[in-house]
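Peer 1: The opening position of the sequence shown corresponds to residue 1 in full-length UniProt numbering, with each subsequent residue numbered one higher.
Heads up, the beta-carbon is just placed ideally off N, CA and C, and yes, glycines get one too.
Since the model is a prediction, treat every value here as computed from it, not as a measurement.
Dropping a structure here in structure tokens format, bear with me for questions.
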Amino acid sequence: MRLDKWMWAVRLFKTRGLAARACESGRVKEGGRILKASSTLRGGELIELPFQEGPGTRVVRVTGLIDRRVGAPQAREACDDITPEDVIEARRLWSANRSHRKEGEQGRPTKKKRREIDRGFFE
1 MRLDKWMWAV RLFKTRGLAA RACESGRVKE GGRILKASST LRGGELIELP FQEGPGTRVV
61 RVTGLIDRRV GAPQAREACD DITPEDVIEA RRLWSANRSH RKEGEQGRPT KKKRREIDRG
121 FFE
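Here it is in structure tokens:
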């Protein structure tokens, strides 16, 4: 079973191309060894992979091999997410600080506000 195909099938990445790109970046590892997209998976392996966005590294144990995208309940059975709690908390804080929207604002920012956000002046 190919690594990129498995990561896509268990919904760790939205597309197989994104899963392959994460492997190409050299940030997907198993026991300190960098894995390629074509690496063969067996059950019981611990895989460290980056989150698609933001800081931190997710740790996943392979519990089942599936080769096509299935429903979310079946996908959850094929892997165990054993990411440390401190990484999950750091992701929550990052996600909370990421929102630039002030209380009461709705919808998309105006062109002026977008420029302020890009420059970092928006508070």
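Between the alpha carbons of ALA37 and ARG68, how many angstroms are there, rounded?
Peer 2: Near 16 angstroms, if we compare the C-alpha coordinates of ARG68 and ALA37.
Peer 1: So for ILE88, helix, strand or coil by DSSP?
Peer 2: Three-state DSSP puts ILE88 in a helix.
Peer 1: So, do the stretch 86 to 94 and the stretch 39 to 57 have three or more beta carbon pairs nearer to each other than 8 angstroms?
Peer 2: Cβ pair count under 8 angstroms is three or more, so yes.
Peer 1: Can the beta-carbon of ALA19 be found closer than 7 angstroms to that of TRP8?
Peer 2: It is a contact, given that the beta carbons lie within the stated cut-off.
Peer 1: If you compare alpha carbons, which of LEU12, GLY43, ALA78, SER39 is closest to ARG2?
Peer 2: When each option's Cα is compared against that of ARG2, the closest is SER39.
Peer 1: Inspect the beta-carbon positions of ILE47 and GLU30 and report whether they are closer than 7 angstroms.
Peer 2: For ILE47 and GLU30, yes; Cβs fall inside 7 angstroms.
Peer 1: Identify which residue in VAL70, LYS112, ILE34 has its Cα closest to the Cα of LYS14.
Peer 2: Of the candidates VAL70, LYS112, ILE34, the one whose C-alpha sits nearest the C-alpha of LYS14 is VAL70.
Peer 1: On the DSSP bridge assignment, give the partners of LYS29 in chain order.
Peer 2: Beta-bridge pairing links LYS29 to ILE34, GLU48.
Peer 1: Span of the beta strand (DSSP E) holding ASP67?
Peer 2: ASP67 -> no beta strand (DSSP E), and no H or E assigned at all.
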